[in-house]
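If you're matching positions, the sequence shown starts at 4 in the numbering used here and goes up one per residue.
The C-beta atom is built at its ideal place from N, Cα and C for all residues, glycine as well.
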Amino acid sequence: MKRLLITFVISIILVAIAQYLFFDNAFTYESMSNSLFIVGLMMFLISLIIVTDAGKIFMIVSYSFKAVRKRDDFKYKSYYDYMKDNEREEMTPYAMQMMIAGITYLIIAYFFAQLV
């Protein structure tokens with residue numbers, strides 16, 4: 004519960020920053036909906052990447068570039084060896100809280116958009 008509260012506090016600060024930077028503090032339903040959508044979508048997509056462990060795609064790309072550039076002195080014989088050496092053990096602890104907050108902001112943004 005503490006992590007969810009911390010996530011919501013930080014994300015509300017991000018919404019306020021987006022409101023200030025993009026919409027000049029014009030508190031209309033449209034600008035609030037857009038601010039919540041921007042922050043909610045970023046939080047949801049980042050948490051989705053973390054929860055599904057799709058970050059391994061970036062490891063595949065980095066292995067490919069390193070293997071091509073350093074053909075002679077590359078210390079890994081296969082991608083499996085590279086993966087085992089660079090693998091993280093646990094998921095980021097705030098991933099599910101970010102997903103909950105992101106979905107909540109997207110739902111609120113949808114309702115604000117319906118009021119416009």
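With distances taken between CB atoms, is the gap from residue i to residue j smaller than 8 angstroms?
i: Val119; j: Ser38; result: no
i: Gly43; j: Ala112; result: yes
i: Gln22; j: Ser14; result: no
i: Ile49; j: Gly58; result: no
i: Lys87; j: Phe77; result: no
i: Phe47; j: Gly105; result: yes
i: Val54; j: Met102; result: yes
i: Tyr66; j: Tyr82; result: yes
Classify residue i: buried if its beta carbon has 16 or more other beta carbons within 10 angstroms, exposed otherwise.
i: Tyr108; result: buried
i: Ile114; result: A quick correction: the sequence has Phe, not Ile, at residue 114. When all chains shown are included, Phe114 counts as exposed.
i: Phe40; result: buried
With residue i and residue j assumed to form a contact (beta carbons below 8 angstroms), what rounded beta-carbon distance in angstroms separates them?
i: Gln100; j: Leu7; result: 5 angstroms
i: Met45; j: Asn89; result: No, Met45 and Asn89 are not in contact; Cβ-Cβ is about 26 angstroms, not under 8 angstroms.
Suppose only complete runs of 3+ residues qualify. What are the beta strand (DSSP E) ranges in the region 23-71, listed by chain order? For the region 23-71, not a single whole beta strand (DSSP E) run of length 3 or above is found.
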